[in-house]
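I have placed the structure first, in the form of C-alpha cells, so that the comments after it can refer back to it.
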Amino acid sequence: MTTLSILFLQELQQHYPRMKLILLALFFFFLGMNSDVTARRSRTKRELAPGLYSLGMRDAGGSYCQLRESCCPGRDDACTVPYLDTICYCDLFCNRTVSDCCPDFWGYCLGISPPISILKVCTKHGKNYPSGATYQDNCNRCTCTPDGNWYCEQNSCLINPRIIDAVNRGSYGWRAGNYSQFWGMTLDEGIQYRLGTSKPPSSVMNMNELHVNMNNEDLPTYFNAADKWPGMIHEPLDQGNCAGSWAFSTAAVASDRLSIQSMGHMTPALSPQNLLSCDTRNQHGCRGGRVDGAWWYLRRRGIVTEECYPFVGLNANGPASPCMMHSRSMGRGKRQASNSCPNPYSSSNEIYQSTPAYRLASSEKEIMKEIFNNGPVQAIMEVHEDFFMYQSGIYRHTPVMVGEEERYRRHGTHSVRVIGWGREMVPNGHVQKYWLVANSWGKDWGENGYFRIARGENECEIETFVVGVWGRVSMEDVSHKK
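Numbered continuously in UniProt numbering, the sequence shown closes out at residue 482.
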C-alpha cells in the first residue's frame, strides 16, 4: 500500500472514528491484494513445478502432517514431510494449487475432505507404488494405473518360463534353461536379431545334389571332426545381436575345410565381418543374408582372418559397417589384398578363397560320409521358439505351445555347422540318434556352444539343404606354411 493511501486512511479515521472497523478491514484487504501481486511476481520453482497429484502421486493411507504434529500458517518452505521419493507440504500455501499438499493435509490441518479424489497405490513385494510407477518384467513394461492395478504389456518373451517348465517336466529328451543374454528380449527380437539366414531362392534349392558313393562303408557310431582332425576344427562363434548367421556359419565351415585340406599347415579363423561388410550384392549384413551369396563371395573375392578383420559387434539396428578390406586379381583366380588389415596389429592380410560350394543329398548316410571324409558341413534349419532355451540333450521341437496364440509360436531360418554325430539313450528308454552341431551364439549357450539335434528325421529341416566346399589350397600354399 502506498504512503498516500495510508495518510488518506488516517485522515478519514480522525474525522470519522465510527468507521474504524471498516477502515481496518479495508486496510487488510488492500494489504492482501498487494501481497498476492508480489507473490505472483516472484513465483518460485515450488509453484511452477508439476504438482504431485498431476503425476498421480498419492498415498491414500498415509499419515504425514499428523506425524509432524503441526501445520504451518501462510507459506513455510520448511514445513515438509518425506513423501515417497520426494516431499510434501503441510503449510497453508500448499492449498493454493492443491499440488504439493501432503495427503492428510485437508483432513488433519483443515478438518475437511480433500478437494480431489484419492488415487490408489499399487503393491509389489510388500511395497506401495504411486500411479505412473513402472517396472520391467522380462520383456514387458508394467505400469501402475490410477485404480491401483498393474498393467503389463503382453509381448511374447524370448525366454519363456512356461516353456522351460513344460520342457523340463516332459520327456522330450532335452533340458531348457534361462540365458541372461536373451532375458528382456521379445520373441520377435530373437527371430529378427539372433538368426539372419534367408532361404535361398528355388533355383538354388533345386540345384543338383552331389551323391556320395557309399560302397557299403560302415561309419562309426560316434564321430566328432575335432577328434579326427585335432587343432583344425574351430570353436563356436558368437554373432551377438547381429542377424548374420549366414556369414558366421560360412566363415566357420570354410575355416575348418581349409585347415583339413592343408593338413593343418593353414589353420585360419576366417572373418565373418569381412563377409558382413563387403559382401553387399543382395546381402544385408547384420540384417540377414543368403549362404549361396556368401560362398560366391568367398570363391570370387576371398576373405581374410578374424585377426586381420575383427567382428565389430554392431547389432542389427546399427548402421552398416563400410567395407575395409579390398583385393585385386593375381591371375588364375587368385587374389591379393590391396590394403592393410583393419586391425593395425595384425601381421597378415592374406586372402583365403574356396572353390564353388556343392549341395549334398538330403540323406543321413551321405551327409555322415561327407563329414567323415572331408570335414564339417553347413546346414540351414528352422529355429522355433523353444530352441532359444535349449540347454542340453538331444533337441527336437516340442508341442508345448500348441494351442497358444500365434505370437507365442514363431520360427525363422538359421544356418549352422554340423561337425559330427552320435546316439544316446533318452528318458523314455529309446535310443536316439543325433547330429553334433556348432551354433553361433557363444560358448555360454547350449553345450559349450554346441547342440545336439535328432538325426535321420530331418528335424527342423536340418537335412534339407546341406552344403560342402573345398578350400582353394595349392601345394605352394602348403609348402609355404611349413
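Ideal Cβ placement from N, Cα and C applies to all residues, glycine included.
What residues match up with residue i in a beta bridge as DSSP calls it?
i           : result
H211        : The partner list for H211 (beta bridge, DSSP) is empty, contrary to what the question assumes.
C72         : D91
residue 519 : With the chain represented from 1 up to 482, any question about residue 519 goes unanswered, as that position is not in the structure.
D238        : W441
G331        : K334
Q378        : R417, V467
T305        : L270
C287        : The residue you asked about is not Cys; residue 287 is Arg in the sequence shown. Beta-bridge pairing links R287 to A243.
Y352        : I303
What's the call for residue i, buried or exposed, on a 16-neighbour Cβ count within 10 Å?
i    : result
G471 : buried
V469 : buried
P161 : exposed
R194 : buried
N274 : buried
Q192 : buried
T398 : buried
H211 : exposed
N241 : buried
Y297 : buried
T86  : exposed
G111 : exposed
V416 : buried
D91  : buried
L360 : buried
D292 : buried
L67  : exposed
G190 : buried
S340 : exposed
R167 : A small fix is needed here, since residue 167 is Val in this sequence, not Arg. V167 is buried by the Cβ-count criterion.
Q239 : buried
S354 : buried
G173 : buried
G231 : exposed
P322 : exposed
V402 : exposed
For residue i and residue j, what's the separation of their Cα atoms in angstroms?
i    : j    : result
E404 : E385 : 12 Å
N448 : D147 : 48 Å
M368 : D188 : 34 Å
S255 : G126 : 56 Å
V426 : Y352 : 42 Å
F465 : R410 : 21 Å
G302 : F182 : 33 Å
M324 : F311 : 12 Å
P376 : M214 : 18 Å
H326 : P344 : 15 Å
W435 : G446 : 14 Å
Y179 : T186 : 13 Å
P114 : G132 : 21 Å
A176 : V383 : 15 Å
P356 : P200 : 16 Å
L158 : G184 : 8 Å
G422 : V431 : 10 Å
V473 : A225 : 20 Å
D77  : E69  : 17 Å
E366 : S198 : 25 Å
E364 : S338 : 43 Å
K228 : Q378 : 18 Å
G456 : S362 : 10 Å
L48  : Y151 : Residue confidence for L48 is low, a pLDDT of 41 falling below 50, so the modelled location carries little weight; the figure read from the coordinates is stated next. Straight-line Cα distance between these residues: approximately 30 Å.
C109 : S63  : 12 Å
Y129 : Q136 : 14 Å
E235 : L84  : 52 Å
V467 : A294 : 12 Å
H284 : R299 : 19 Å
F105 : N155 : 42 Å
A269 : V121 : 57 Å
Counting only beta-carbon atoms, is residue i nearer than 8 Å to chain C?
i    : result
H211 : Of the protein chains in the structure, only one exists, and it is not chain C.
Which residue spans inside the region 78 to 165 form an unbroken beta strand (DSSP E) run of at least 3? 80 to 83, 86 to 89, 122 to 124, 127 to 129, 134 to 137, 140 to 144, 150 to 152
Would the region 262 to 280 count as touching the region 200 to 209 if we require 3 or more Cβ pairs under 8 Å? no
Residue ranges of each beta strand (DSSP E) within the region 380 to 423, 3 or longer: 390 to 395
Where in the region 423 to 475 do unbroken runs of the beta strand (DSSP E), each at least 3 residues long, occur, reported from the N-terminal end onward? 431 to 438, 450 to 454, 466 to 468
Are the region 435 to 452 and the region 347 to 362 touching by the rule of at least three beta carbon pairs closer than 8 Å? no
Segment contact, 8 Å Cβ cut-off, at least three pairs: the region 90 to 105 with the region 130 to 146: no
Please confirm if the region 245 to 254 is in contact with the region 449 to 460, defined as three or more CB-CB distances below 8 Å between the two stretches. no
The region 329 to 340 / the region 254 to 268 touching (three or more Cβ pairs under 8 Å): no
List in chain order: all unbroken alpha helix (DSSP H) runs of 4+ residues lying wholly within the region 168 to 228. 187 to 193, 202 to 205, 225 to 228
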